[in-house]
Structures are given as structure tokens and as C-alpha cells.
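J.: Chains as they are written, first to last, in my numbering: chain A, 1 to 208; chain B, 1 to 208. Cβ atoms here follow ideal geometry from the backbone N, Cα and C, with glycine treated the same way. Here it is, the structure in full.
Number of protein chains: 2
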Amino acid sequence: MAKGKSRQARRETLVGAARQAVLEYGTDAKLVHVAHAAGVTSGAVLYHFPDVKELLLEANRAGLERFYDERVAALATFDDPVEQLVVTVRNGLPVDSHDGSVRLLCELGGAAGRQPVYAALLTSLYDRQVAMYESMLKVGAARGVFRLASNALTIARNLVALEDAYGYRIIAGHPTIDRDIAVSLILDYARTATDNPLVINSEGDDEQ
Amino acid sequence: MAKGKSRQARRETLVGAARQAVLEYGTDAKLVHVAHAAGVTSGAVLYHFPDVKELLLEANRAGLERFYDERVAALATFDDPVEQLVVTVRNGLPVDSHDGSVRLLCELGGAAGRQPVYAALLTSLYDRQVAMYESMLKVGAARGVFRLASNALTIARNLVALEDAYGYRIIAGHPTIDRDIAVSLILDYARTATDNPLVINSEGDDEQ
DNA sequence: AAGAAATTTGAACATCCCTTCAAACTATGG
DNA sequence: CCATAGTTTGAAGGGATGTTCAAATTTCTT
């Protein structure tokens with residue numbers, strides 16, 4: 001299947017297959033798994049990516065970027081800092097324990113202790129997410145919507161940290177902490193940190 | 001080396017070696033690595049643990065328990081809730097990016113998405129740490145030292161979550177977030193959550 | 001000290017996995 | 001339709017790893 005693709009498209013297909021394989025078998029997924037996910041044999045994969053590790057790295061890097069890009073894109077659809085904050089918190093959390101994006105983050109978090117490349121990628125992602133929240137907080141403060149209890153950087157760091165941690169809990173299938181609970185836990189902090197009730201009044205979207 | 005040990009002691013030695021191997025090579029460390037860390041050959045390891053996976057599991061379980069036990073032990077040496085809180089937060093964080101205990105937690109966090117056993121172990125650890133903080137907070141509130149901004153469970157969950165997340169950041173070698181920064185970030189939250197400055201005034205122990 | 005039991009070794013074996021490569025296949029231009 | 005370049009296959013090679021096991025070694029018992 002998938003015969004007449006261009007070189008670039010073929011590589012992207014394989015990167016996608018690799019991402020899938022990592023989700024299923026961990027950061028050191030096997031070449032066979034990637035090949036199977038792509039519907040080809042090992043040799044075909046090697047033809048495009050002579051080094052398997054390079055393919056895995058590319059797949060994981062792409063996965064992280066996609067996660068971040070989607071967050072930014074979702075954020076951009078709102079103007080109200082309150083809406084932005086609430087929606088972004090929710091978006092940063094996995095839907096359930098099978099959520100692919102966050103499971104990838106967790107996988108890489110484990111590998112970061114051994115593989116500096118993944119440590120660097122995750123650190124970069126964290127910093128960018130912090131900057132994202134920091135900007136949101138500062139805009140809200142400038143507009144008088146937020147009255148920040150600490151400096152924006154501190155709050156932003158803590159918000160991303162909470163997201164990360166509850167992501168792990170949800171992926172691990174915590175019996176009582178699902179996405180909604182995690183959202184309310186994080187917003188509990190965000191409320192006191194911003195001195196804002198963080199309620200979206202324009203619609204009937206009630207956070208449990 | 002290590003000849004005349006009892007069966008039980010021998011197993012513990014091997015479990016320790018396995019723990020070391022996991023830190024170096026990840027959750028799927030190889031039998032050879034364990035054997036080398038223990039100073040024996042593969043066969044000797046298999047004699048005591050016919051299944052390698054079982055040994056790895058036992059090693060990781062033991063590592064988690066030790067982490068928790070040490071926290072509780074350190075906690076027990078203080079009576080003042082403020083001291084308890086500050087010291088416990090610090091103790092939950094890795095000393096640096098090479099900290100063994102926390103690196104193990106990170107490793108397992110990555111594997112939890114695929115292996116339910118590790119998910120269960122980490123969930124249990126999280127809940128016990130939450131209970132630990134919850135108790136601390138309630139005692140402090142009862143004594144009038146803390147005035148909790150939310151219910152104790154919420155604050156406790158967030159405190160452990162922050163610890164976990166900053167543990168990952170430190171293990172990943174974040175350039176600006178070390179243990180001291182992480183402590184102050186977490187205490188920034190804890191201060192508003194407990195309405196207490198969280199300063200230890202009884203001694204001249206200045207955190208670096 | 002001698003025999004029995006427990007433990008460890010080291011090698012053999014089977015399996016898995018990455019890599020290479022010649023041959024087969026496909027697409028595309030002439 | 002042919003020729004050429006690009007792509008994929010499938011098999012073979014080689015290294016690493018888990019497992020088994022008889023022999024060697026050590027420890028325990030008497």
C-alpha cells in the first residue's frame with residue numbers, strides 16, 4: 001500500500017508509524033514494529049532512515065512539536081484571558097489513560113534521565129509552555145482581569161508543572177483523578193494565584 | 001565475592017543490583033547488566049530469579065518503597081507542621097539530575113503507560129504521599145498554624161503533583177530549575193494555600 | 001573430614017533484532 | 001514499450017540476549 005508517494009511523504013508516513021510504535025513499545029521500539037505499523041518490511045524503513053535511532057528521535061520530536069502546536073492553535077481561538085487559561089489547562093491534560101500525545105510525553109520523560117536528547121526536547125517544551133502561560137497571565141494582569149499573587153513566571157511554572165504531573169496520574173489510570181478532576185485541581189490553584197473565579201459565563205459549559 | 005550469604009540476603013543483593021541496572025539502562029535493563037552489577041554471571045542470577053522480569057519488578061517495587069519509607073522517616077523527626085512541610089517538600093525533590101531515587105520514579109512513570117503493574121505501583125505511591133501531606137495539613141490546621149485556602153486533599157494532591165513535576169524537570173537537567181528553585185516554587189504555592197509564611201525560625205539553617 | 005546440598009560457573013543453544021545486499025518490483029520519462 | 005532510477009522485498013549475516021544444564025565450587029550437616 002501507499003506506492004506512489006514522494007520521498008518526503010514517505011518519510012512522514014514512516015515517522016508517523018514510528019510514533020505509533022513508540023506509544024506501544026516504549027522509546028526503544030524495534031525496527032520491526034515500525035515497519036509493521038507502516039505496512040512495509042524492515043528494509044524499506046532502513047532505505048529511508050539508515051539509522052533507526054534517528055527515525056525514533058525524529059518521530060518523538062515531531063510528536064512533541066505537534067502537542068505544543070495544537071496547544072498554541074487552540075489558545076489562539078480565544079481572546080479572553082480567563083477563557084484562554086481554562087481551555088489551555090484542559091487541553092494540556094490527556095483525555096484518558098490512552099491519550100497518545102501525553103503518553104508520548106511520559107515515555108520521553110522516563111528516557112530523559114538516560115538520553116540527553118530527550119531531556120533537551122522536554123526541557124524546551126516545558127519552557128515554551130511556561131512562556132505560553134506567562135504571556136496569558138501578564139495580559140490578564142494588564143487588563144485588570146487577574147491580580148497575580150506571585151510573579152507571572154512562578155505561577156506559569158507551577159501551572160505547567162501541575163499539568164505535567166496530573167498528566168502522568170491520568171496516564172497511570174488513577175482511579176479517582178480523571179481529566180475533569182485534574183482540571184478542577186489545577187484551577188483551584190489558578191484561582192488563588194490570579195484572584196479570579198475563572199468562570200466562563202458566556203456559555204453553558206460547566207466544568208464539573 | 002559475597003559467598004556465605006543466606007538465600008534471602010542473596011536475593012536482596014540481586015534486587016539491589018537490578019535497581020542499579022534499571023537506573024543505568026532503563027526499565028528493560030538486560031540480565032547481563034544485573035549480573036555485572038552484582039558481580040556474578042547470568043546463571044547465578046537466574047538461579048534465584050528464574051524470570052528476569054520478576055526480578056526487575058521486585059527491584060523497582062523495592063526502590064519505590066524505599067523512597068516512600070525514607071520520606072516518612074525524615075518527616076517523623078519533626079513535630080512542627082511548618083518544619084515538616086518545608087523539609088518534606090525538599091526531601092521529595094532530587095538532589096541533582098543524577099539522583100537515583102527520583103530517576104527511578106521517572107523511569108517507571110514512562111513505563112506506566114504500557115505496563116499496568118508500574119502504573120499501579122506509582123498510583124499507590126502517589127496516594128500515600130498525598131495522605132502524608134494531607135495529614136500534615138490537617139494537623140497544622142487543627143493547631144491553628146495553617147489556615148487552609150482549600151480542602152486539605154486538594155492542597156495535598158497539588159503539592160505532590162508539583163513535587164513530581166519538578167522532579168522530572170531536575171532529572172532532565174533544566175538549566176535554571178534546580179532543587180532550591182523548585183523548593184521555592186512549591187513553597188510559593190504552599191504559602192498561599194496554608195496562609196503561613198513557612199519560615200523556620202528556630203535555627204540558623206539557611207538553605208543554600 | 002566426608003558426604004550432601006546449595007550455589008555458581010561457563011558453554012551451548014535458541015531467539016530476537018539490526019544491518020546488508022542482491023534480486024524483484026514500480027514509476028516515470030523518452 | 002523500453003530504459004533508467006527509485007523503491008521494496010526477502011534472505012542471509014552477525015551481534016546481543018535469555019535460557020538451559022552439566023560440571024565445578026562452595027557451604028552446610030553430620
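Along the alpha helix (DSSP H) that carries residue 114 of chain B, what are the first and last residues, could you check?
T.: Per DSSP, residue 114 of chain B belongs to no alpha helix (DSSP H) and is neither H nor E.
J.: Interface residues of chain B around residue 147 of chain A at Cβ under 9 Å?
T.: Residues of chain B passing the Cβ test: none, with the nearest at roughly 13 Å.
J.: Where do the N-terminal and C-terminal ends of the alpha helix (DSSP H) with residue 14 of chain B fall, by residue?
T.: Here the alpha helix (DSSP H) through residue 14 of chain B covers 7–25.
J.: Note down, in chain order, every chain B residue with its Cβ under 7 Å from the Cβ of residue 150 of chain A.
T.: Result: 188.
J.: Whole angstroms is fine: what's the gap from residue 69 of chain B's alpha carbon to residue 153 of chain B's?
T.: Whole-angstrom Cα-Cα distance: 21 Å.
J.: Give me the chain B residues within the contact set of residue 166 of chain A, using Cβ-Cβ distance strictly less than 8 Å, ordered along the chain.
T.: Within chain B, the residues near residue 166 of chain A are 161.
J.: Looking at chain B, is there any beta carbon in it that lies within less than 8 Å of the beta carbon of residue 90 of chain A?
T.: Chain B, which has no Cβ nearer than 8 Å to the Cβ of residue 90 of chain A, makes this no.
J.: Taking its Cβ as the centre, do 16 or more other Cβ atoms sit within 10 Å of residue 24 of chain A, making it buried, or is it exposed?
T.: Residue 24 of chain A comes out exposed.
J.: Is residue 200 of chain B helix, strand or coil when you go by DSSP?
T.: Residue state, collapsed to three classes: coil.
J.: Check the Cβ of residue 171 of chain B against every Cβ in chain A and list those closer than 9 Å, keeping chain order.
T.: Residues of chain A passing the Cβ test: 109, 112, 113 and 119.
J.: The alpha helix (DSSP H) that contains residue 53 of chain A, what's its start and end?
T.: It spans 52–76 - the alpha helix (DSSP H) in which residue 53 of chain A sits, taken as one unbroken run.
J.: Count the other CB atoms within 10 Å of the CB of residue 40 of chain B; is the residue buried (16 or more) or exposed (fewer)?
T.: Per the 10 Å Cβ criterion, buried.
J.: Is residue 18 of chain B closer than 8 Å to residue 56 of chain B when the C-beta atoms are compared?
T.: Contact flag set, yes.
J.: Using a Cβ cut-off of 8 Å, pull out every chain B residue sitting near residue 201 of chain A, in sequence order please.
T.: Ordered by position in chain B, no residue passes the 8 Å Cβ test against residue 201 of chain A, which lies about 22 Å from the chain.
J.: How would you call residue 208 of chain A, buried or exposed, if buried means at least 16 neighbouring beta carbons within 10 angstroms?
T.: With a pLDDT of 43 at residue 208 of chain A, under the threshold of 50, the modelled position of this residue cannot be trusted; read the value that follows with caution. Exposed: under 16 other Cβ atoms inside 10 Å.
J.: Counting Cβ pairs closer than 8 Å, one from the segment 85–99 of chain B and one from the segment 181–188 of chain B, do we hit at least three?
T.: Yes, they touch.
J.: Pick out whichever of B/147, B/59, B/36 and B/177 has its Cα sitting closest to the Cα of residue 27 of chain B.
T.: Nearest C-alpha to residue 27 of chain B: B/59.
J.: What does the alpha-carbon distance come out to for the pair residue 81 of chain A and residue 197 of chain B?
T.: Each residue's alpha carbon lies about 29 Å from the other.
J.: Between residue 171 of chain A and residue 101 of chain A, which are expected to be in contact by the criterion C-beta below 8 Å, what is the C-beta distance as a whole number of angstroms?
T.: The pair is not a contact, with the Cβ atoms about 10 Å apart (cut-off 8 Å).
J.: Counting only runs that start and end within the segment 85–151 of chain B, where is the alpha helix (DSSP H) found for 4 or more residues in a row?
T.: Within the segment 85–151 of chain B, the complete alpha helix (DSSP H) runs of at least 4 residues are 100–111 and 116–142.
J.: What does residue 36 of chain B reach in chain A if we use C-beta pairs closer than 8 Å?
T.: Within chain A, no residue comes near residue 36 of chain B; the closest Cβ sits about 17 Å away, beyond 8 Å.
J.: When you compare each of A/53, A/133 and A/20 to residue 72 of chain A by their alpha carbons, which one comes out closest?
T.: It is A/133.
J.: If you run the structure through DSSP and keep just helix, strand and coil, what is residue 34 of chain A?
T.: Note: residue 34 of chain A maps to helix in three-state DSSP.
J.: Does the beta carbon of residue 133 of chain A come closer than 8 Å to any beta carbon on chain B?
T.: Not closer than 8 Å to any Cβ of chain B, the Cβ of residue 133 of chain A fails to qualify, so no.
J.: Nearest CA to the CA of residue 93 of chain B: which residue from B/192, B/179 and B/131?
T.: It is B/179 whose Cα lies nearest to the Cα of residue 93 of chain B.
J.: Can you tell me whether residue 176 of chain B is buried or exposed? The criterion is at least 16 other CB atoms within 10 Å of its CB, across all chains shown.
T.: Exposed: under 16 other Cβ atoms inside 10 Å.
J.: From which residue to which residue does the alpha helix (DSSP H) around residue 181 of chain B run?
T.: Looking at the DSSP string, the run of the alpha helix (DSSP H) that includes residue 181 of chain B is 179–194.
J.: Between which residues of its own chain and residue 35 of chain B is the CB-CB distance below 6 Å, once the five residues before and five after are set aside?
T.: So the list reads 41, 42 and 45, once near-sequence residues are dropped.
J.: To the nearest angstrom, how far is it from the Cα of residue 169 of chain B to the Cα of residue 50 of chain B?
T.: Each residue's alpha carbon lies about 37 Å from the other.
J.: Starting from residue 43 of chain A and walking both ways along the alpha helix (DSSP H), at which residues does that stretch end?
T.: First-last of the alpha helix (DSSP H) with residue 43 of chain A: 42–48.
J.: What's the C-alpha gap between residue 162 of chain B and residue 139 of chain A?
T.: If I take the Cα positions, the gap works out to 25 Å.
J.: Whole angstroms is fine: what's the gap from residue 166 of chain B's alpha carbon to residue 115 of chain B's?
T.: Their backbone Cα atoms lie some 23 Å apart in a straight line.
J.: Which residues in the same chain have their Cβ closer than 7 Å to the Cβ of residue 78 of chain B, if we skip the five residues on either side of it in sequence?
T.: Here the set comprises 84 and 87.
J.: Less than 8 Å between the C-beta atoms of residue 160 of chain B and residue 126 of chain B, yes or no?
T.: Yes; because the gap between Cβ atoms is below 8 Å, this pair is in contact.
J.: So which residues on chain B does residue 154 of chain A lean against when the C-beta distance must stay under 7 Å?
T.: Result: 185 and 188.
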